[in-house]
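What follows is a short report on a single structure.
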Amino acid sequence: MPIFTKEVATELFGELWMKMINETEFGPKLKESNMTILFVVDEPDITMFVDANGPLFDDEAKAKVPTVSMKMNGDTVHKFWLKQIFIPKALATRQIRAKGPVGKVLQLLPLLKPGQALYPEYCKKFNLPI
Amino acid sequence: MRYFDINLDLSEDDIALRDAARQFAEQEMRPVARQLDQMSAEEGVAEDSPLWPFLKKAYSLGYHKILLPEYYGGLGLSPLQTNIVFEELAWGSFGLALTVTVVCFPFYCICMTNNDEMIEKFVKPFCDCTDGSIRGCWAITEPEHGSDMLAVGEECFDSPNMKGNVRAKLEGEQWVLNGQKSAWVSGGTISTHAMLHVQIDPSKGFAGNGVCILPLDLQGVSKGKPLEKIGQRDLNQGEIYFDDVRIPKDYMFVDPDFYVPLLDIILAAANLCMASWSVGLSRAAFDEALNYTKERVQGGKPLIEHYTTKQRIFDMFARVETARAIARAAINLNLNISPPHVEYSLVAKTQCTEMAFKNTHDAIQILGGNGLTKEYLTEKLFRDARSTLIEDGNNETLSRHGGHILMESYPRAPLDF
Chain A
322 MPIFTKEVAT
332 ELFGELWMKM
342 INETEFGPKL
352 KESNMTILFV
362 VDEPDITMFV
372 DANGPLFDDE
382 AKAKVPTVSM
392 KMNGDTVHKF
402 WLKQIFIPKA
412 LATRQIRAKG
422 PVGKVLQLLP
432 LLKPGQALYP
442 EYCKKFNLPI
Chain B
270 MRYFDINLDL
280 SEDDIALRDA
290 ARQFAEQEMR
300 PVARQLDQMS
310 AEEGVAEDSP
320 LWPFLKKAYS
330 LGYHKILLPE
340 YYGGLGLSPL
350 QTNIVFEELA
360 WGSFGLALTV
370 TVVCFPFYCI
380 CMTNNDEMIE
390 KFVKPFCDCT
400 DGSIRGCWAI
410 TEPEHGSDML
420 AVGEECFDSP
430 NMKGNVRAKL
440 EGEQWVLNGQ
450 KSAWVSGGTI
460 STHAMLHVQI
470 DPSKGFAGNG
480 VCILPLDLQG
490 VSKGKPLEKI
500 GQRDLNQGEI
510 YFDDVRIPKD
520 YMFVDPDFYV
530 PLLDIILAAA
540 NLCMASWSVG
550 LSRAAFDEAL
560 NYTKERVQGG
570 KPLIEHYTTK
580 QRIFDMFARV
590 ETARAIARAA
600 INLNLNISPP
610 HVEYSLVAKT
620 QCTEMAFKNT
630 HDAIQILGGN
640 GLTKEYLTEK
650 LFRDARSTLI
660 EDGNNETLSR
670 HGGHILMESY
680 PRAPLDF
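Chains A and B supply the protein sequences, listed in that same order. The numbering used here runs 321 ahead of the 1-based position in the first sequence. The numbering used here runs 269 ahead of the 1-based position in the second sequence.
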């Protein structure tokens, strides 16, 4: 049983990305780095594209060409945002797969930290286990 | 000599980086490499060695942080740019190109951990360093273990009979390290930090290994004498000893849980470097040979006008182009996907080093007796190329490892995202 449904994930990450972009250092830093990100998620199947303008989902997201793509399942997404994943291990064991220049992938990880700080409050809002 | 690039789509930035690296290789690396090659290994790292002003210059230009992300102060080069710069630097000197790259290995791997404290403590100071005073090394090989430490998939690898020469034991919140790394640690006697492979769980053989970052000024660390060797004499190598060295628990950033797949990631990156540098070495040999054939007269005409020389020169050119194509394709793949498809790094390393060796051999054959003398660069290139067939995994072991990957992973499915 996936940790969240497609509907919950879409609503949660729609809000989370917008808050990160508008209210944290993530927004300006993403813009400055000129990076765009595609998350391809299994269980539930959901595709998210994020640039400095905000997130796009599914068909709109799939039409974009990102700087970095990351593929993982829903449970790994949840653990990633809760900082319960050790990235070298996740990459080595293919829990997370990434496409895009390795330097950009390494740059993405610290950029996402404001979202990791916010995520627990969204877990409470959407009744997800922490 | 300028060398044509078959890629007509290089950007202005790519070309500027290439030209700057080329100038540095020609004006700084070639003369220093020649000096170091003729000194003893100890003289090469003595206080008055030309190595130190060279490193200072290399650091001030940022060549020590080619692989590091821009976010932390690295150069943030694209995979193609990384290949281009590595090739140019190794045209200047394979040993010095390796020297200025291996210094970043511990810090590059720490970036992957995304650990703020470790990044502040280790990565940022390294990126900010402009005087060459912070230098890393990759300490993996041991007195009793060489390429077998990379031979994932071989029966011996996870056998309890594989006793590591450096052991780590957890005592409370600290790891205690004891043992010795071999004389083949690049930069071993001049490094300030090591990315150190250690055995944590001997019952699993090398599959019970881990990797830690180790500041080399800690109590209990000592170093051996710089190694004397036939080639890459401009690359310092030497032993490091550990006697009850204590490090905080979180310095061990790879544990046995994922040591094996992570070793492959490290190997894939290291082999891409070897491949790119080998192209530069191949090119250097080609340049020396071509120039000589136009000047040297035999039988009343320049060597280049002899049929056999034309054929040999063309073969050398073909090897440079083939090696460059393989190295670029592999680096473009494996610095764009995580985890990498290791077999392509192995192809690039084994093939590019073999071609570099053949080219340096042919260069000596073309120069004849002159090619054997210290007056010409070719004999140094030949000695440098011989080492490449062994370092970062001897080619036979790497080929066996590649075969193991093919057995387990092929046919590979296309990337699905």
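Even glycine gets a Cβ: it sits at the ideal position worked out from N, Cα and C.
Buried or exposed for residue 579(B), please, with buried defined as at least 16 other CB atoms from any protein chain shown within 10 angstroms of its CB. Stepping through the second sequence from its first residue, residue 579(B) is reached at position 310. It counts as exposed.
In chain A, what lies closer than 8 Å to residue 340(B) by C-beta? Taking the second sequence and counting its residues from 1, the one referred to as residue 340(B) is at position 71. Proximity of chain A to residue 340(B) at the Cβ level (cut-off 8 Å) is accounted for by 354, 427, 428, 431 and 432, in chain order.
Across which residues does DSSP place residue 409(B) in a beta bridge pair? Taking the first residue of the second sequence as position 1, residue 409(B) is located at position 140. Paired residues: none, contrary to the question.
Could you compute how far the alpha carbon of residue 326(B) sits from the alpha carbon of residue 396(B)? Residue 326(B) sits at position 57 when you count from the first residue of the second sequence. Residue 396(B) sits at position 127 when you count from the first residue of the second sequence. Looking at the two C-alpha atoms, the distance is approximately 14 Å.
Output, in chain order, the set of chain B residues within a Cβ distance shorter than 8 Å of residue 412(A). Taking the first sequence and counting its residues from 1, one reaches residue 412(A) at position 91. The answer, in chain order, is 381, 534, 607 and 608.
Enumerated in chain order, which unbroken segments of the beta strand (DSSP E) with a length of 3 residues or greater are wholly contained in the stretch 387–451 of chain B? 405–408, 435–440 and 443–450
Under the three-state DSSP convention, the category residue 462(B) falls into: As a working mapping, residue 462(B) is identified with position 193 in the second sequence. DSSP places residue 462(B) in strand when its eight states are reduced to three.
Does the stretch 428–445 of chain B come into contact with the stretch 462–475 of chain B, if we say contact requires no fewer than three beta-carbon pairs (one atom in each stretch) closer than 8 Å? Flag = yes, the stretch 428–445 of chain B and the stretch 462–475 of chain B touch.
Counting only the same chain and skipping the five closest in sequence on each side, list residues whose C-beta sits under 6 Å from that of residue 409(B). By 1-based counting over the second sequence, the position of residue 409(B) is 140. These residues qualify, in order along the chain: 418 and 466.
Taking the alpha helix (DSSP H) that residue 432(A) falls in, what are its first and last residues? One-based indexing of the first sequence puts residue 432(A) at position 111. Run containing residue 432(A): 423–432, per the alpha helix (DSSP H) assignment.
Per DSSP, residue 467(B) is paired with what? Translated into positions along the second sequence, residue 467(B) becomes position 198. DSSP lists 479(B) as partners of residue 467(B).
Short Cβ contact (8 Å threshold) for residue 358(A) with residue 330(A): As a working note, residue 358(A) is residue 37 in the first sequence. As a working note, residue 330(A) is residue 9 in the first sequence. Their beta carbons are not under 8 Å apart, which means residue 358(A) does not touch residue 330(A) by this criterion.
On a Cα-Cα basis, can you pick out the residue from 309(B), 271(B) and 638(B) that is closest to residue 289(B)? In the second sequence, the residue the question calls residue 289(B) occupies position 20. The shortest C-alpha separation from residue 289(B) is found at 271(B).
What are the complete alpha helix (DSSP H) segments, minimum 4 residues, inside the stretch 342–370 of chain B? 348–361
Since residue 602(B) and residue 351(B) should fall inside the 8 Å C-beta cutoff, what is the C-beta to C-beta distance between them, to a whole number of angstroms? For the purposes of this step, residue 602(B) is taken as residue 333 along the second sequence, with counting starting at 1. For the purposes of this step, residue 351(B) is taken as residue 82 along the second sequence, with counting starting at 1. Actually they do not touch by this definition, with Cβ atoms about 13 Å apart.
In the DSSP assignment, what are the bridge partners of residue 418(A)? Residue numbering aside, residue 418(A) sits at position 97 when the first sequence is read from its first letter. Its beta-bridge partners are 392(A).
Out of 627(B), 635(B), 378(B) and 545(B), point me to the one whose CA is closest to residue 348(B)'s CA. As a working note, residue 348(B) is residue 79 in the second sequence. Nearest C-alpha to residue 348(B): 545(B).
What does residue 419(A) reach in chain B if we use C-beta pairs closer than 8 Å? Working through the first sequence from its first residue, we reach residue 419(A) at position 98. Those within 8 Å of residue 419(A) in chain B are 606 and 607.
DSSP on residue 293(B), reduced to helix/strand/coil? One-based indexing of the second sequence puts residue 293(B) at position 24. Reduced to three states, the DSSP call for residue 293(B) is helix.
Taking the Cβ atom as the reference point for each residue, do residue 439(A) and residue 399(A) lie within a distance shorter than 8 Å? The sequence position of residue 439(A) within the first sequence is 118, counting from 1. The sequence position of residue 399(A) within the first sequence is 78, counting from 1. Not in contact: residue 439(A) and residue 399(A) (Cβ atoms no closer than 8 Å).
Taking all protein chains shown into account, decide if residue 415(A) is buried (16 or more other Cβ within 10 angstroms of its Cβ) or exposed. Residue 415(A) sits at position 94 when you count from the first residue of the first sequence. Per the 10 Å Cβ criterion, exposed.
Can you tell me where the alpha helix (DSSP H) with residue 339(A) in it begins and where it stops? Counting from one through the first sequence, the residue named residue 339(A) turns up at place 18. Looking at the DSSP string, the run of the alpha helix (DSSP H) that includes residue 339(A) is 327–344.
Within chain A, partners of residue 348(B) - CB distance below 7 Å: Mapped onto the second sequence, residue 348(B) falls at position 79. In chain order: 422.
Judging by CA-CA distance, which residue of 402(B), 320(B), 357(B) and 616(B) is the nearest neighbour of residue 306(B)? As a working mapping, residue 306(B) is identified with position 37 in the second sequence. Considering only alpha carbons, the answer is 320(B).
Touching or not, the stretch 418–433 of chain A and the stretch 379–394 of chain A, by the rule of three or more beta carbon pairs under 8 Å? yes
Taking only beta-carbon positions, decide if residue 361(A) is within less than 8 Å of chain B. Here the question's residue 361(A) lines up with position 40 in the first sequence. Chain B contact via Cβ: present.
In three-state terms, what does DSSP make of residue 510(B)? Here the question's residue 510(B) lines up with position 241 in the second sequence. In the three-state scheme derived from DSSP, where H, G and I count as helix and E and B as strand, residue 510(B) is classed as strand.
Specify, as a first and last residue, the run of the beta strand (DSSP E) that residue 490(B) falls within. In the second sequence, counting from the first residue as 1, residue 490(B) sits at position 221. Start and end: 490–492.
Is residue 367(A) close to chain B? Criterion is C-beta to C-beta, closer than 8 Å. Here residue 367(A) is taken as the residue at index 46 of the first sequence, counted from 1. For residue 367(A), the answer is no, since every Cβ of chain B falls outside 8 Å of its Cβ.
For residue 523(B), which residues in chain A fall below 7 Å Cβ to Cβ? Working through the second sequence from its first residue, we reach residue 523(B) at position 254. The contacting residues are 409.
N-terminal and C-terminal residue of the alpha helix (DSSP H) that residue 247(B) is part of: The first residue shown for chain B is 270 and the last is 686, placing residue 247(B) beyond what the model contains.
DSSP state of residue 607(B) mapped onto helix, strand, coil: Position 338 of the second sequence, counting from 1, holds the residue named residue 607(B). Strand at residue 607(B).
Are the C-beta atoms of residue 530(B) and some chain A residue less than 8 Å apart? Here residue 530(B) corresponds to residue number 261 of the second sequence, with the count starting at 1. So, interface residue.
When we look at the beta-carbon of residue 439(B) and count the other beta-carbons within 10 Å, is it buried (16 or more) or exposed? In the second sequence, residue 439(B) corresponds to position 170, counting from 1. Flag for residue 439(B) reads exposed.
Residue 392(A) touches chain B at which residues, Cβ-Cβ below 7 Å? Here residue 392(A) is taken as the residue at index 71 of the first sequence, counted from 1. The contacting residues are 686.
Where does residue 405(A) fall in DSSP's three states? What you label residue 405(A) is simply residue 84 of the first sequence in a count that begins at 1. If DSSP states are grouped into helix, strand and coil, residue 405(A) belongs with coil.
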